[in-house]
Every structure is written in C-alpha cells, then in structure tokens.
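Inspection log for the structure reproduced underneath, given as structure tokens.
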Amino acid sequence: MAITSVRCRVCKVLLYAPVNRSWSSEAALRPQYDAVIIGGGHNGLIAATYLQKSGVNTAVLERRHLIGGAAVTEELIPGFKFSRASYVLSLLRPQIYKELELKKHGLKVHVRNPSSFTPMLEDGVGGKPPRSLLMGNNMEETQKQIAQFSVKDAQSYAEYEAFINHMALSVEPLLDAVPVDVSSLTSGSLMQKIQSLRTVKPLIQTGLKLGRRIPQFYELLTAPISKILNHWFESEPLKATLATDGIIGAMISPQAAGSGYVLLHHVMGELEGIKGAWGYVEGGMGALSKIIANVAAGHGASIFTEKVVDSILVDSSGKAQGVVLQDGTEIRSKVVLSNATAHVTFLQLTPKESLSEEFIKEVSSIDYTSPVTKLNVAVDRLPNFLAVPTNDGIPPSQRIAGTIHLNCEDMACIKEAYEEACRGLPSTRPLLELSIPSILDPTIAPPNCHVISIFTQYTPYYLKGGKEWDELERNLYADRVFDCIEQYAPGFKSSVVGRDILAPPDLEKVFGLTGGNIFHGAMSLDQLYLTRPLPSYSNYRSPVKGLYLCGSGAHPGGGVMGSAGRNAARVVLSDLRRV
Numbered sequence: 009m010a011i012t013s014v015r016c017r018v019c020k021v022l023l024y025a026p027v028n029r030s031w032s033s034e035a036a037l038r039p040q041y042d043a044v045i046i047g048g049g050h051n052g053l054i055a056a057t058y059l060q061k062s063g064v065n066t067a068v069l070e071r072r073h074l075i076g077g078a079a080v081t082e083e084l085i086p087g088f089k090f091s092r093a094s095y096v097l098s099l100l101r102p103q104i105y106k107e108l109e110l111k112k113h114g115l116k117v118h119v120r121n122p123s124s125f126t127p128m129l130e131d132g133v134g135g136k137p138p139r140s141l142l143m144g145n146n147m148e149e150t151q152k153q154i155a156q157f158s159v160k161d162a163q164s165y166a167e168y169e170a171f172i173n174h175m176a177l178s179v180e181p182l183l184d185a186v187p188v189d190v191s192s193l194t195s196g197s198l199m200q201k202i203q204s205l206r207t208v209k210p211l212i213q214t215g216l217k218l219g220r221r222i223p224q225f226y227e228l229l230t231a232p233i234s235k236i237l238n239h240w241f242e243s244e245p246l247k248a249t250l251a252t253d254g255i256i257g258a259m260i261s262p263q264a265a266g267s268g269y270v271l272l273h274h275v276m277g278e279l280e281g282i283k284g285a286w287g288y289v290e291g292g293m294g295a296l297s298k299i300i301a302n303v304a305a306g307h308g309a310s311i312f313t314e315k316v317v318d319s320i321l322v323d324s325s326g327k328a329q330g331v332v333l334q335d336g337t338e339i340r341s342k343v344v345l346s347n348a349t350a351h352v353t354f355l356q357l358t359p360k361e362s363l364s365e366e367f368i369k370e371v372s373s374i375d376y377t378s379p380v381t382k383l384n385v386a387v388d389r390l391p392n393f394l395a396v397p398t399n400d401g402i403p404p405s406q407r408i409a410g411t412i413h414l415n416c417e418d419m420a421c422i423k424e425a426y427e428e429a430c431r432g433l434p435s436t437r438p439l440l441e442l443s444i445p446s447i448l449d450p451t452i453a454p455p456n457c458h459v460i461s462i463f464t465q466y467t468p469y470y471l472k473g474g475k476e477w478d479e480l481e482r483n484l485y486a487d488r489v490f491d492c493i494e495q496y497a498p499g500f501k502s503s504v505v506g507r508d509i510l511a512p513p514d515l516e517k518v519f520g521l522t523g524g525n526i527f528h529g530a531m532s533l534d535q536l537y538l539t540r541p542l543p544s545y546s547n548y549r550s551p552v553k554g555l556y557l558c559g560s561g562a563h564p565g566g567g568v569m570g571s572a573g574r575n576a577a578r579v580v581l582s583d584l585r586r587v
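Just so you know, my numbering puts 15 at position 7 of the sequence shown, and the rest follows in order with no gaps.
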C-alpha cells in the first residue's frame, strides 16, 4: 500500500494515510508491443490513445502508484482530495475534447466566474473594508472594479483584452502542428522539401491572422511584461494581477525580457466556448487523467502503474528497441515515446554511447530553474478575507472561487520576491495564488470543509549556504506563507487541518519534474518552438531512431494542453506508415 505523509493540526505530528490506487490494468505485462510510452502523464495517455486508435498496440508504463503525472488527485488526508500538482484546466486543446469524446466519457469542468480576486493589504476608509479587485467574464462589472483604482484603466481594459485575445487566437495554428522542418526545407531531397512545406502552413496562418499587428506580436514575445502593462495601464494592483500570468511557474520577474510570451501562453485556452477561462475538473485533475486513460484502454491500450523504467534499449544500429524495467524485465517495441523531461530521457535513461557528446552537452544546458513551492491545505472553514464587501450582492464564497492573488499590491513587491530568491532565499513576501476548488466541487472535501491549492513563488531549488529543503525548511517557509494569508484573512491559521508541502526538490522527486520546473523546462524564447527542446529536434524525434519525446518538454510546452502528446503521436504514426 502506498503511503503519504502530511502534518495534521489535531495531533500535531505526521499523519500517515493510505493512498488508493487510481489505476489497475487487468492485462498482464507482455514482452512486446508496437509502442511503449514512458510515463503516464496526460500527454503520454493522450499519445497512447491516438496510437491505439490507429491500430498501434501501445503500453504505458507509469512509475508511481497512480496515473496522471502532475495531473493527479491524491487523498492526502482522509476525505480531502487534492489536485496535488496541476490544479486548474483551460489549455487542453478543443480537438482533444472532441476527438477523444471526453465529455461523453464523464469529464465535467466547473468554470470559475469571477475568475480572479486580489485583496489589498490596507486599512479601510470610513468603516469600509479594504479595497479588492474582482475580475471575471462580465466586462462591465470588471471595469467597475478596475475603476476603483483608475478610471482610465477601466476604459482601456476592454481594448487590452481584445488585443491579448487576438494574439492568442493568432498563435493557435502553431500549437496543433509540428514546428517547421528547417533541415528538410533547406537540405533535404526534393521529396522531403515538398513534404516539409506542409509544416510551413501553420506559420503562414499565424502571420495572416496577425496581419498588421506582427510588430506588436513581436514586442509581446520579446518585451518584459512590465513594459507591455505599463503601456496599457497605470494602476499597480491591476498591473500586478495581470503580470502573474507572465511569470507564473517561471524564475523571472515582470521586468524580464520575454515574460510577455508566458502571459500569452496562459491565456490561450478556453472552456465552454469562453476564451481565456479556467475551471476546476470535478473530482480533481486526476479525474481528467483517469478519463483519458479509460478512453485509451477502451481502444485496447495497456496501462501499468509501478513500472519503473530503468533504461531504453538501443541496438547496435542506433535504433530504440524497447525498455528495461528496474526489476530487469525487458519490454520490446518498435518505437519508444518518453513523457519524461529531456533531461531524464536522454541523460538518465538513454545509453550514453547512443548519443553524441555535442547532443549530451546541449541537453545538459536546458534551463530547468523553478521558483515554485506548492502547498496543499485542508481547512475546516473558508478563509474570511477582510477585503470582502458585505453588501454588493456577491456571495463571499463566489467571490473567492477563482484565483486569489496575495502580495500583489504592486509589481515592485513581485520584483523584490524574485530578487530574494536569486540570492538563494525563499521570498519574505512570496507571490501567492490560492485556489479553493471545493467551493464549486463539493465532492473533494468533507461537508463544510475545503481544500486549498496554494501556488507560491519565489523559492530557489538551491538554498543559500548549502542548506537543504528538509522538514524544518519546508515548515518554516509554509509558516511564512500562512502568516501572509493571516494578514489578509485573520483566523486562517486556526482553520488548517493539515498541509502538504512540495518545494522544488519535492516536485522533482515526486513527479519527475527536473529542477522542479512545472513546464518540463523554462518557457523562455530560447526554449520554444524551433528550439524546444533543442534546435533540430523540435519535431518530437531524437538522435536515436524510434525514440520520441511526447511530454511538455517538447513543443508547444507546459500546462495541461495535450498538444505535445497528440502531435508526437501523429509524427510516430507517419514514421510507422513510412516504414
């Protein structure tokens, strides 16, 4: 039985709770398949579904006791079910919803509206509570909220939203296609050049959609998000709230060049036809992974948990032949797809003699820096925020059902938190994003209780002075986070039943996220599109014939999007047909 530990308020010691297995394949592991997929994250499961639907006999091997990778639901405290890593959904591509019939198979997502609540840490005036910024799908209501801080900004906001949405819509063709095959276009045979012209089409579509706004798009990609937001707005609470989409999960500040693209990446999604909307999967993110796994299994895919891959088999000609498990079991296959990071795939699983020194050097240079510590908290009541008005007709629970942004009064606060982490220190006032999915999904917590996901940054992987992220350091940081929340919502600390703390090394150890990076590698401009994961290998293939990347370390990057899995499967199918 798998065991996990969290700290319980009642007994003030470590509480050990059994973790139920989320998947159990009835089929016995066979010695040979057409395709083997390393890792049962959402991209691996999606790739398995498309391969199996096309008649490619596929096995998924997951090292943990449950499937889903970072998109899992874990009952860390009896009755409290946490989306332990990834916790909200928006980016999953519409084609995947449709082609895999996810709704038909039971996927239910609760759209958040309002979507964002930023309370101010200030004294109320004239007996009124502190101000707050509430944003949602209703443009008129959102503009009224912004007008508290700047009438000018309220007037500009609709135009800004239209601008960002147009940019996101223009990029969409690139998400669902393999990046341009530069090598075949420039030095391939005539037939290869003709075939590779297809990869140019999405790029042309994006250019046509952008039209005269190509210069503005270029600026958004390359400029600091602070420059973009300063162009549009003057009020700091609004700018800081919007800036979070440009830095979330990234070891960068709002003043860093290229942070504009990260913002664009986080507004590319949609739910129920609402562009940019985010929601909670009923049952937690693990419910999504289970549904995709059920679809894959329904087509005949074999899915196994607690199967740790030790190495990838490569024959003398340099072709992948399957994998070897930790217990010595060999599983042969025509192709191998890795849902792990490029670092794990090539530097830990692939025989070094199968790769050139230059390629190993390039993989070693991929940036996996992470600023993230994730806290999962069980509480016996909702936080009572001082900045929640009592007479505006919006129920307090509805107001805080979206993302709650704390320590977001201004961008200077975010910059200071970042600079502390650069010195090896966890931020004194970290950027905090709280989500309380149990407000909209009561199935994941006991009656009148709630689960809270707290996404925090900035926390360095390596602490100053050579300190380790041990139990003491984790709890010192979590206590600091709780002290911050207490300032905004007095009584919060006394409501805590238990907590789970995942610092960057824990995210790496538990979920296989190299460096603790939630995107399988930084989403910086030098690690996107043609250069993700590396130049000349953005087409999901690798130097080892028959070995492919299908995870977020490949194009188009991180988030529960599914594009990498779908695109990689299509490349594999094309190669198998050619053979």
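Virtual Cβ for every residue (Gly too), placed ideally from N, Cα, C.
Asked	Found
State the start and end residues of the unbroken alpha helix (DSSP H) segment that holds residue 583.	571–586
Tell me, please, which residues DSSP counts as bridged to residue 124.	143 and 411
Count the other C-beta atoms from every protein chain shown that fall within 10 angstroms of the C-beta of residue 574, then say buried if there are 16 or more, exposed otherwise.	buried
Applying the criterion that 16 or more other CB atoms from any shown protein chain within 10 Å of the CB defines a buried residue, is residue 572 buried or exposed?	buried
Which of helix, strand or coil does DSSP assign to residue 307?	coil
Can you list, in chain order, the residues of its chain whose CB lies under 7 Å from that of residue 33, leaving out five sequence neighbours each side?	In this prediction, residue 33 has a pLDDT of 44, which is less than 50 and means its spatial position is unreliable; what the coordinates show is noted afterwards. Within the same chain, residue 33 has close Cβ partners 310, 311 and 312.
Please state whether the Cβ-Cβ distance between residue 213 and residue 187 is less than 8 Å.	no
Where residue 389 and residue 117 are concerned, what is the direct C-alpha to C-alpha distance, given to the nearest angstrom?	23 Å
Which value, in whole angstroms, describes the spacing of the CA atoms of residue 75 and residue 360?	29 Å
I'd like the ranges of any beta strand (DSSP E) spanning at least 3 consecutive residues and lying wholly in the segment 190–265.	none
According to DSSP, is residue 447 part of a helix, a strand, or is it coil?	helix
Taking the alpha-carbon of residue 486 as reference, which of 465, 66 and 560 has the nearest alpha-carbon?	465
Which residue wins for smallest C-alpha separation from residue 302, given the options 42, 567 and 57?	57
So, are the CB atoms of residue 262 and residue 412 less than 8 Å apart?	no
So is residue 457 buried or exposed if we call it buried at 16+ other beta carbons inside 10 Å?	buried
In the segment 496–555, which residue ranges form an unbroken beta strand (DSSP E) of at least 3 residues, counting only runs that do not cross its ends?	504–510
Using DSSP's beta-bridge definition, name the partner residues of residue 287.	97 and 119
Could you check where the alpha helix (DSSP H) with residue 620 kicks off and where it finishes?	This structure cannot speak to residue 620, because the chain is shown only from 9 to 587.
Suppose contacts are defined by Cβ-Cβ distances below 8 Å. Is residue 489 in contact with residue 387 by that definition?	no
Based on Cα-Cα distance, which residue from 275, 587 and 226 lies nearest to residue 98?	275
For residue 120, which of 509, 285, 86 and 266 has the nearest alpha-carbon?	285
Give the range of the beta strand (DSSP E) segment to which residue 423 is assigned.	Taken as a continuous stretch (DSSP letters only), residue 423 belongs to no beta strand (DSSP E), being part of the alpha helix (DSSP H) at 419–430.
At what residues does the beta strand (DSSP E) containing residue 89 begin and finish?	88–91
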